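So the structure is just underneath, and the comments pick up after that.
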Amino acid sequence: MKLLSKIAHAARHPAAVPRWFVNRQMANAKRRRCEAASSAVLFPQSRIANHRAPTDIQIGKETRVLGELLTFGHGGKVSIGDHCYIGENTRIWSCESVSIGNRVLISHGVNIHDNVSHSMSAERRHQHFLSIFSTGHPKEDPDIASAAVVIEDDAWIGFNASVLKGVKIGRGAVVGACSVVTKDVLPYEVVVGNPARPIGTSKA
360 MKLLSKIAHA ARHPAAVPRW FVNRQMANAK RRRCEAASSA VLFPQSRIAN
410 HRAPTDIQIG KETRVLGELL TFGHGGKVSI GDHCYIGENT RIWSCESVSI
460 GNRVLISHGV NIHDNVSHSM SAERRHQHFL SIFSTGHPKE DPDIASAAVV
510 IEDDAWIGFN ASVLKGVKIG RGAVVGACSV VTKDVLPYEV VVGNPARPIG
560 TSKA
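As numbered in my numbering, the sequence shown has no gaps in its residue numbers, which increase by one up to the final residue, 563.
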């Protein structure tokens, strides 16, 4: 009852509510939309946009999330291992599967998409748009091409990089800032550019 009265008071007097209380309530709401380890941290600027069951977004121990994790209405799974970092303004969108290992560093402004977001048909693309803004993400398949993304342990994705559908980034690999990854990256390989190309190797 005390919590309900505090929430009601907050609605009437937003300036009187401590910021820590608001942040805690927001964090609790986010945790209800995913399965996060108790030691994982969902920062205030993070967003959990899960249009499916909470089990479809899983976040491991000591992982820090500042970006957005999103599943589509018709499908999608996001799995993030232990001791990872998901930077601010990073978007991980799934309608198939995005699997991220342990100790992976994903910088700010990164886009990881296991799909192309919309149909290649102009008519179906328009209907998908209308559905999202009227009734939410559709549960039926809106004809979106997708393929699983895998990012293995100890990889590092630099800021503003994009990782596209069907890509596997090997253990310990490094993706340079602003790169666009369209093909698999070998373990401990360093890639840069658009499209990303190997320029060397990293260390274990």
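Glycine included, each C-beta is placed from N, C-alpha and C at the ideal position. Computed from a predicted model, the values in this text were never measured in an experiment.
Separation of residue j from residue i, as counted between CA atoms
i      : j      : result
GLY407 : SER476 : The sequence given here has Ile at residue 407, not Gly. Straight-line Cα distance between these residues: approximately 17 Å.
LEU567 : LYS389 : No statement about residue 567 is possible, as the shown extent of the chain runs from 360 to 563 and does not include it.
TYR547 : GLY426 : 25 Å
VAL549 : ALA536 : 11 Å
MET360 : SER397 : The predicted position of MET360 is uncertain, since its pLDDT is 46 and thus under 50; a value taken from the coordinates is nonetheless stated next. For MET360 and SER397, the distance between alpha carbons rounds to 25 Å.
SER505 : VAL376 : 44 Å
HIS485 : SER493 : 12 Å
HIS433 : PRO501 : 8 Å
ALA563 : PRO554 : 25 Å
ASP513 : ARG483 : 39 Å
PHE431 : VAL457 : 12 Å
ASN382 : LEU401 : 10 Å
SER453 : GLU499 : 15 Å
GLY440 : ALA399 : 10 Å
HIS442 : GLY559 : 26 Å
LYS542 : ALA507 : 12 Å
GLU421 : ILE445 : 12 Å
TRP379 : ASN387 : 12 Å
Residue i, enclosing beta strand (DSSP E) - first and last residue
i      : result
LEU428 : 427-430
SER438 : 437-439
GLU421 : First-last for GLU421: undefined, no H or E at that position.
ARG556 : 556-560
GLU548 : 548-551
Strand pairing of residue i, partner residues [DSSP]
i      : result
VAL508 : VAL457
ALA514 : In the DSSP output, where bridge partners are listed per residue, ALA514 has none listed.
ARG450 : GLU427 and ASN470
SER521 : ASN470 and VAL539
ALA395 : ILE418
Coil, strand or helix - residue i by DSSP
i      : result
LYS389 : helix
ILE503 : coil
ASN409 : strand
ASN474 : strand
ARG530 : coil
VAL376 : coil
VAL544 : strand
Range covered by the alpha helix (DSSP H) that runs through residue i
i      : result
GLN404 : Taken as a continuous stretch (DSSP letters only), GLN404 belongs to no alpha helix (DSSP H), as it is neither H nor E.
ARG484 : 481-493
Any C-beta of chain B under 8 Å from that of residue i
i      : result
PRO501 : This model lacks chain B altogether; it includes just one protein chain.
CB of residue i within 8 Å of CB of residue j, strictly
i      : j      : result
VAL544 : GLY525 : no
ARG450 : LEU464 : no
LEU304 : VAL540 : Given that the chain is displayed from residue 360 to residue 563, the structure contains no residue 304 and the question cannot be resolved.
ASN519 : GLY468 : yes
SER478 : HIS487 : yes
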